[in-house]
Amino acid sequence: MNRTGIIYGINGPVVYLKGNTGFKMSEMVYVGEEKLVGEVIGLTKDTTTVQVFEETTGLKPGAEVEATGDAISVTLGPGILNNIFDGIERPLSEIAKASGKYITRGVSVDALDVEKKWDITLKVAAGDEVHGGTIIAETQETPSVVHKSMVPPGIDGIVKSAVPDGAYNVTETIVVVTCEDGSEKEIALAQKWPIRIPRPTSARFPASVPLVTGQRILDTLFPIAKGGTAAIPGGFGTGKTMTQHQIAKWSDASIIIYIGCGERGNEMTEVLEDFAKLVDPKTGNPLMARTTLIANTSNMPVAAREASIYTGITLAEYYRDMGYDVAIMADSTSRWAEALRELSGRLEEMPAEEGFPAYLASRLSAFYERAGMMRTLNGSEGSVSIIGAVSPQGGDFSEPVTQNTKRFVRCFWGLDKSLAYARHFPAIHWLTSYSEYVNDLSPWYSEHVSPKFIDYRNQIIALLNSESSLMEIVKLIGSDVLPDDQKLVLEIARVIRLGFLQQNAFHQEDTCVPMQKQFLMMDVVLYLYKKARDLITQGHPMSILKEDTIFEKIISIKYDVPNNQLELFDNYKKDIDTFYDKVLEKNA
Amino acid sequence: MSIEYLGLSEINGPLVVLEGVKNAAYEEIVEFTIEGKEKKLGRIVEIYDDKAVIQVFEGTESMSLKNTHTKLTGHPMEIALSPEMLGRTFNGIGAPIDDLGPIVPEQMTNINGLPLNPCTREYPRNYIRTGISAIDGLTTLIRGQKLPIFSGNGLPHDQLAAQIVQQASLGDNTDEEFAIVFAAMGVKYDVAEFFRRTFEESGVSDHVVMFLNLANDPVVERLITPKVALTVAEYLAFEKGMHILVILTDITSFCEAMREVSSSKGEIPSRKGYPGYLYSELATLYERAGIVSGGTGSVTQIPILTMPNDDITHPIPDLTGYITEGQIVLDRQLHGQAVYPPINVLPSLSRLMKDGIGKGYTREDHQDVANQLFSCYAKVGDARALASVIGEDELSPLDKKYLIFGKAFEENFVGQGRMENRTIEDTLNIGWNLLGILPKEELDRIDTKILDQYYKPVQGTNA
């Protein structure tokens with residue numbers, strides 16, 4: 084039966100329908116003659132409230148709204164990767180074909196290419212017992228990724244028939260399953276899943292493996308685990324997007340979902356152009372082959388911005404269920420929170436802090452809790468890591484979105500305005516940032532990098548902390564009056580800041596650094612500290628130590644030692660020994 | 314055939330309510346006739362059943378609940394477009410006010426615009442030389458960028474914008490057509506006059522389309538002015554292949570107008586009383602800058618906004634900064650020291666700069682010099698803070714050098730004449746001269762090869 088409603092009132096993206104329409108909550112609806120996509124967000128005895136994912140200009144009271152019976156959902160199947168979608172999974176390249184350079188309204192395009200034939204290999208045969216999550220077919224989706232099609236969750240039974248290997252499009256039935264209740268289900272490569280409901284898994288593991296990003300301050304000081312959550316808050320111009328781009332480019336996740344939520348159009352174009360050219364160091368294929376972009380730029384309709392975050396995470400969960408490690412970049416969650424605020428204002432709800440709706444915290448927590456390292460329904464292991472940028476108003480971290488996000492993430496990479504002004508990038512401040520994963524991950528570091536790794540990391544942090552308390556004094560009386568051992572702490576901290584924490588995203592060697600090099604860099608810096616401290620305790624003043632260029636030499640290790648010639652590090656230790664002997668000799 | 318409705322049921326500030334309307338569409342334009350003579354335009358901003366809330370553009374003065382006839386036009390706000398618009402002056406809603414008669418339209422276009430598909434955008438890479446060192450050197454303007462000027466009342470943002478307009482050159486390829494679209498929202502008469510005169514003096518007035526909504530013009534019109542202007546800009550850029558520089562001033566008045574209308578609609582306010590959709594509204598303006606792939610034209614935006622109380626964390630500059638691709642921040646202290654243009658380079662930024670400079674665009678050392686200048690100038694701040702506590706004499710020799718560098722940087726690099734037009738070579742060379750004040754070891758942001766090639770210590774200061 085076709086359920087319809089009649090428009091009664093319109094206010095921006097919110098449309099009111101009169102009477103009890105029999106619509107369901109979260110149901111997808113088509114609004115008006117142009118069939119704009121909308122979602123039911125409120126029901127009372129005499130009004131139905133619908134948010135519309137497209138511009139509502141030109142809608143009239145009296146126009147018809149038609150229910151589809153499905154919750155607002157995404158289509159899952161091969162063809163998602165190496166693609167760019169809007170907030171409700173409409174491929175932008177198809178929209179461009181249909182409507183030219185601008186995104187017009189009511190464009191009806193399929194989420195996945197229905198013409199394209201995929202070469203699939205069947206993994207099940209008639210008579211096999213299958214459950215939700217069982218892999219039924221595989222196809223090479225992109226040069227980097229094998230797409231594993233699964234039985235949708237909730238279907239259990241015996242395979243009645245399966246097609247032979249060959250080329251099929253996403254809508255053709257490939258497997259028919261006889262369920263326990265006797266009904267038959269036809270399964271195609273493409274399936275649907277509602278975006279607001281997490282896909283089921285069988286178990287969740289604690290974090291134990293880091294998501295290696297190649298960024299020193301992240302991997303070494305504030306690591307994130309695979310299946311972990313991190314927030315990058317920072318005022319405008321502090322480098323949130325840049326940090327996310329770096330992680331998307333160089334992290335060792337198998338799949339990257341990049342959600343441009345209410346951000347700049349040119350930035351999405353940049354990602355599209357760059358990622359198509361850049362080569363994934365792991366596979367040698369273009370980065371786009373493991374990436375999908377969800378672009379809901381700031382001038383695209385606000386309701387779709389709200390949905391884009393959920394669309395992204397649902398796609399991520401789908402690939403996780405195949406057993407991949409997926410990382411989501413959500414840039415930026417503040418824009419999403421503002422979309423909530425905007426819609427809440429249109430609905431005339433009672434505002435809480437700063438005008439944000441009171442359910443902001445619960446929505447944020449529900450989103451971040453969809454991350455995790457999971458055992459999937461088919462027994463494989465996969466993870467979804469969420470890295471969310473936060474754009475606090477005025478760069479003030481006490482605002483509601485940052486504060487609520489802080490409660491639900493375990494990694495906090497606080498970007499600092501003064502570092503950004505001094506062009507210290509990444510401008511992640513080592514005093515405000517933290518990672519709760521350090522302890523969970525230390526066994527991994529001991530085993531895979533070096534048993535000393537965590538100890539070194541802690542020493543580095545301690546040095547940076549002492550620097551900051553010494554700087555308080557320096558700010559008042561200047562650095563000349565400090566004793567030499569404290570001057571050395573300042574100098575070593577400077578070496579750490581410039582040589583280790585600062586990382587040049589545009590330098591070929593420095594843009595992504597392997598764990599082993601990160602460890603050796605710490606090793607050399609701390610060795611220099613140890614030797615220099617020896618000299619100081621023997622009474623040699625800092626001014627003599629600084630005559631040598633060794634400090635500058637250590638700072639430029641990041642450029643001078645190529646990532647594949649780590650044996651060069653031995654020379655630096657020798658240089659430090661020479662420096663040590665020279666000072667002793669000259670001032671004996 | 315169109316029905317006319319007699320009378321209104323409510324008038325509240327710039328909003329009127331009409332009941333019993335049939336077939337009205339959201340955002341549709343309506344025409345009012347008052348006492349059979351005066352005509353006004355309005356836009357439907359809310360509909361509930363047969364009741365429409367309408368925003369009146371020219372103000373509700375002289376309207377009463379009885380004397381007004383309302384006619385639905387059946388279409389959203391549209392503007393007549395034609396290449397003839399170049400050199401003409403219009404009011405805030407796009408009606409000619411220069412007594413040269415109406416425009417013969419080539420096409421009618423909805424002013425609300427549509428979002429550009431990120432797939433069809435081209436990433437901006439060509440820089441625009443403005444001849445101003447602080448901009449060219451440190452916050453390079455790229456064609457297709459949106460780069461606002463954050464200013465305060467009494468600071469010379471208008472002069473700066475005018476200088477950019479006069480000096481902005483497209484490079485050597487001079488057969489490319491360029492034009493300026495100027496939209497004034499709630500600015501003083503003198504400001505509009507200043508720009509008109511500047512355009513005339515620099516001989517570009519036949520390439521300028523002006524939209525003027527002055528401070529005493531109706532507030533609601535202001536909400537339309539930038540949209541009209543950007544529609545014209547998009548038309549000239551993407552249909553006619555021209556390079557368009559759009560100047561929008563003052564965004565703050567636009568936002569104030571939005572707050573005023575929102576509050577008369579009885580909407581729930583969010584930050585500082587501005588409506589919750591302030592971000593989305595600003596984004597629909599700023600995002601209309603860009604380049605379409607396959608086309609020859611571009612839209613570059615320089616919005617000007619005066620920060621209330623010079624507060625960069627105020628919602629208007631804050632939200633703007635999150636949408637635009639950088640910002641140029643003017644500083645009252647520098648202005649007080651008679652530095653022109655008083656650009657505070659530290660909070661200023663151009664996000665697109667990294668891909669539009671360097672070898673093949675400007676000069677190979679550009680990025681390094683810029684980074685080094687930023688980094689050194691940030692240290693100047695620390696040295697000054699220390700000097701204010703312990704006195705300049707007590708500073709270490711290095712800190713003293715930073716003080717000298719800081720002063721020279723402000724006077725010679727940032728500061729320049731109001732008509733001075735520097736080449737990129739000039740700008741970078743001045744930068745190197747300044748860096749020469751500092752010892753070579755301090756220059757830690759520059760590639761060793763480039764440093765060896767360009768670095769020359771300044772005699773006397775580096776002994």
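In order, the protein sequences belong to chains A and B. Quick note: the first sequence uses our numbering, first residue 84, plus one each step. Quick note: the second sequence uses our numbering, first residue 314, plus one each step. Just so it is clear, CB atoms sit at the ideal spot from N, CA and C, and this is done for glycine as well.
message = Suppose contacts are defined by Cβ-Cβ distances below 8 Å. Is Ile-462 of chain B in contact with Ile-617 of chain B by that definition?
response = If you number the second sequence from 1, residue 462 of chain B lands on position 149. If you number the second sequence from 1, residue 617 of chain B lands on position 304. It is a contact, given that the beta carbons lie within the stated cut-off.
request  = Along the beta strand (DSSP E) that carries Tyr-251 of chain A, what are the first and last residues, could you check?
outcome  = The residue given as residue 251 of chain A occupies position 168 in the first sequence. From DSSP, the beta strand (DSSP E) with Tyr-251 of chain A extends over 249 to 251.
task = With a 10 Å radius around its C-beta and 16 neighbouring C-beta atoms as the bar for buried, classify Thr-254 of chain A as buried or exposed.
result = Here residue 254 of chain A refers to the residue found at position 171 of the first sequence. By the 10 Å Cβ count, Thr-254 of chain A comes out exposed.
query = With a CB to CB cut of under 6 Å and the five nearest residues on each side skipped, what residues in its chain are close to Thr-594 of chain A?
reply = Taking the first sequence and counting its residues from 1, one reaches residue 594 of chain A at position 511. The residues are Ala-588.
key: Straight-line gap, Val-608 of chain A to His-512 of chain A (C-alpha atoms, nearest Å)   = Within the first sequence, the letter at position 525 stands for residue 608 of chain A. Within the first sequence, the letter at position 429 stands for residue 512 of chain A. Answer to the nearest angstrom: the Cα atoms are 20 Å apart.
query = Should Arg-506 of chain A be labelled buried (16 or more other beta-carbon atoms within 10 Å of its own) or exposed?
reply = By 1-based counting over the first sequence, the position of residue 506 of chain A is 423. It counts as buried.
Euclidean distance between Cα positions of Val-522 of chain B and Val-612 of chain B = Your numbering for residue 522 of chain B matches position 209 in the second sequence. Your numbering for residue 612 of chain B matches position 299 in the second sequence. Distance between the alpha carbons of Val-522 of chain B and Val-612 of chain B is about 14 Å.
inquiry  = Contact defined as beta carbons within less than 8 Å: I believe Ala-570 of chain B pairs with Gly-499 of chain B. What is the distance between those atoms, to the nearest angstrom?
reply    = Sequence index remark: in the second sequence, residue 570 of chain B carries index 257 (1-based). Sequence index remark: in the second sequence, residue 499 of chain B carries index 186 (1-based). Right, their Cβ atoms sit about 7 Å apart.
9 Å Cβ cut-off: residues of chain A touching Ser-611 of chain B = Walking along the second sequence from the start, residue 611 of chain B turns up at place 298. Residues of chain A passing the Cβ test: none, with the nearest at roughly 12 Å.
query = Glu-534 of chain B and Gly-405 of chain B look like a contact to me (Cβ under 8 Å); what is the Cβ gap, rounded to whole Å?
reply = Numbered from its first residue, the second sequence carries residue 534 of chain B at position 221. Numbered from its first residue, the second sequence carries residue 405 of chain B at position 92. With a Cβ gap of about 4 Å, Glu-534 of chain B and Gly-405 of chain B count as contacting.
key: Val-258 of chain A - partner residues in DSSP beta bridges   = As a position in the first sequence, residue 258 of chain A is number 175, starting the count at 1. Val-258 of chain A pairs with A:Ala-245 and A:Ile-270.
ask   = What does Gln-559 of chain A touch in chain B if you count any residue whose Cβ is under 9 Å from its own?
value = Translated into the one-based positions of the first sequence, residue 559 of chain A becomes position 476. According to the sequence shown, residue 559 of chain A is Leu rather than Gln. Chain order gives the chain B residues near Leu-559 of chain A as Leu-699, Val-702 and Ile-703, where near means a beta carbon separation below 9 Å.
key: Environment of Met-111 of chain A [buried if 16+ CB atoms lie within 10 Å]   = For the purposes of this step, residue 111 of chain A is taken as the residue at position 28 of the first sequence. That one is buried.
inquiry  = Among A:Val-192, A:Met-457, A:Ala-503 and A:Trp-496, whose alpha-carbon lies nearest the alpha-carbon of Tyr-690 of chain B?
reply    = On the second sequence, position 377 is the one that residue 690 of chain B refers to. Nearest option by C-alpha distance: A:Ala-503.
request  = Step through the CB atoms of chain A and report whether any lies within less than 8 Å of the CB of Phe-491 of chain B.
outcome  = As a position in the second sequence, residue 491 of chain B is number 178, starting the count at 1. No - not a single Cβ of chain A is within 8 Å of the one on Phe-491 of chain B.
query = Looking at C-alpha atoms only, which residue of B:Met-666, B:Glu-332 and B:Arg-731 is the closest neighbour of Ile-455 of chain B?
reply = The count along the second sequence starts at 1 and reaches residue 455 of chain B at position 142. The option with the nearest alpha carbon to Ile-455 of chain B is B:Met-666.
message = For a test of your reading of the model: does the CB of Ser-448 of chain A fall under 7 Å from any non-hydrogen atom of the ligand MG? Yes or no.
response = Absence of the ligand MG from the depicted structure is noted, as is the absence of any ligand whatsoever, leaving it without description.
query = Can you name the residues of chain B whose CB is closer than 9 Å to the CB of Glu-635 of chain A?
reply = Within the first sequence, the letter at position 552 stands for residue 635 of chain A. Here the neighbours are Glu-754 and Asp-757.
task = Might you give, ordered along the chain, the residues of its own chain that have their beta carbon closer than 7 Å to the beta carbon of Leu-100 of chain A, omitting 5 neighbours on each side?
result = Position 17 of the first sequence, counted from the first residue, corresponds to residue 100 of chain A. Hits under 7 Å: Gly-88, Ile-89, Ile-90, Tyr-91, Thr-130, Thr-131, Val-133 and Val-148.
request  = Just mark Gln-766 of chain B as buried or exposed, buried being the case when its beta carbon has 16 or more other beta carbons within 10 Å.
outcome  = Locating residue 766 of chain B in the second sequence gives position 453, counting from the first residue. Counting Cβ neighbours within 10 Å, Gln-766 of chain B comes out exposed, since fewer than 16 surround it.
key: Candidates B:Leu-451, B:Pro-396, B:Ser-322 and B:Asp-412, of which the one nearest Ala-550 of chain B by Cα   = Residue numbering aside, residue 550 of chain B sits at position 237 when the second sequence is read from its first letter. Answer by Cα proximity: B:Pro-396.
Arg-584 of chain B: contacting residues in chain A (beta-carbon distance under 8 Å) = As a position in the second sequence, residue 584 of chain B is number 271, starting the count at 1. Per Cβ cutoff of 8 Å: Glu-437, Gly-438 and Gln-476.
Chain-ordered chain A contacts of Arg-434 of chain B [CB-CB under 7 Å] = On the second sequence, position 121 is the one that residue 434 of chain B refers to. Those within 7 Å of Arg-434 of chain B in chain A are Gly-348, Asn-349 and Thr-352.
query = Are at least three pairs of beta-carbons, each pair with one atom in the region 489 to 501 of chain A and one in the region 330 to 340 of chain A, less than 8 Å apart?
reply = Judged by Cβ distances under 8 Å, the region 489 to 501 of chain A makes no contact with the region 330 to 340 of chain A, as fewer than three pairs qualify.
query = If we cut at 8 Å on Cβ distances, does Pro-534 of chain A have a partner in chain B?
reply = Position 451 of the first sequence, counted from the start, is the residue given in the question as residue 534 of chain A. Interface criterion not met: the Cβ of Pro-534 of chain A is under 8 Å from no Cβ in chain B.
request  = Flag Asn-382 of chain A as yes if its beta-carbon sits less than 8 Å from any beta-carbon of chain B, otherwise no.
outcome  = Counted from its first residue, the first sequence places residue 382 of chain A at position 299. In terms of beta-carbon proximity, Asn-382 of chain A lines the interface with chain B, with at least one pair separated by less than 8 Å.
Coarse secondary structure for Phe-288 of chain A, derived from DSSP in three states = Here residue 288 of chain A corresponds to residue number 205 of the first sequence, with the count starting at 1. Reduced to three states, the DSSP call for Phe-288 of chain A is strand.
Ranges of the alpha helix (DSSP H) found wholly within the region 173 to 235 of chain A, counting only runs of at least 4 = 175 to 182
ask   = Whole-angstrom Cβ separation of Ala-472 of chain A and Lys-323 of chain A, contact assumed at under 8 Å?
value = Translated into positions along the first sequence, residue 472 of chain A becomes position 389. Translated into positions along the first sequence, residue 323 of chain A becomes position 240. Rounded, the Cβ-Cβ distance is 4 Å, consistent with contact.
message = Using only the alpha-carbon positions, how far apart do Pro-534 of chain A and Ile-615 of chain B sit?
response = Reading the first sequence from its first residue, position 451 is the one you call residue 534 of chain A. Reading the second sequence from its first residue, position 302 is the one you call residue 615 of chain B. Roughly 55 Å between the two C-alpha positions.
key: Short-range partners of chain B found in the region 645 to 666 of chain A, where Cβ spacing is below 7 Å   = Shown here is that no member of the region 645 to 666 of chain A has a Cβ falling below 7 Å from a Cβ of chain B.
query = Can you tell which of A:Asn-382, A:Ala-378 and A:Gly-406 has the C-alpha that lies nearest to the C-alpha of Tyr-393 of chain A?
reply = By 1-based counting over the first sequence, the position of residue 393 of chain A is 310. Nearest option by C-alpha distance: A:Ala-378.
inquiry  = For Ala-256 of chain B, tell me which candidate among B:Ile-750, B:Gly-372, B:Val-771 and B:His-470 has the shortest Cα-Cα distance.
reply    = No answer is possible for residue 256 of chain B: it lies beyond the span of chain B, which begins at 314 and ends at 776.
message = Run through chain B and tell me which residues come within less than 9 Å of Asn-165 of chain A, C-beta to C-beta.
response = Looking up residue 165 of chain A in the first sequence gives position 82. None at all; the shortest Cβ gap to chain B is about 13 Å.
message = On the criterion of 16 or more Cβ atoms from any shown chain inside 10 Å, does Met-314 of chain B qualify as buried, or is it exposed?
response = As a first step, residue 314 of chain B is located in the second sequence; it is residue number 1 there, counting from the start. Low per-residue confidence applies at Met-314 of chain B: pLDDT is 49, beneath 50, and the placement is therefore not dependable, though the value from the model is reported in the following sentence. Met-314 of chain B should be labelled exposed.
inquiry  = If distances are taken between C-alpha atoms only, which option among A:Asp-363, A:Phe-106, A:Ala-146 and A:Leu-584 comes closest to Tyr-339 of chain B?
reply    = Start at 1 with the first residue of the second sequence, and residue 339 of chain B comes out as number 26. Residue A:Ala-146 is the option with its Cα nearest to Tyr-339 of chain B.
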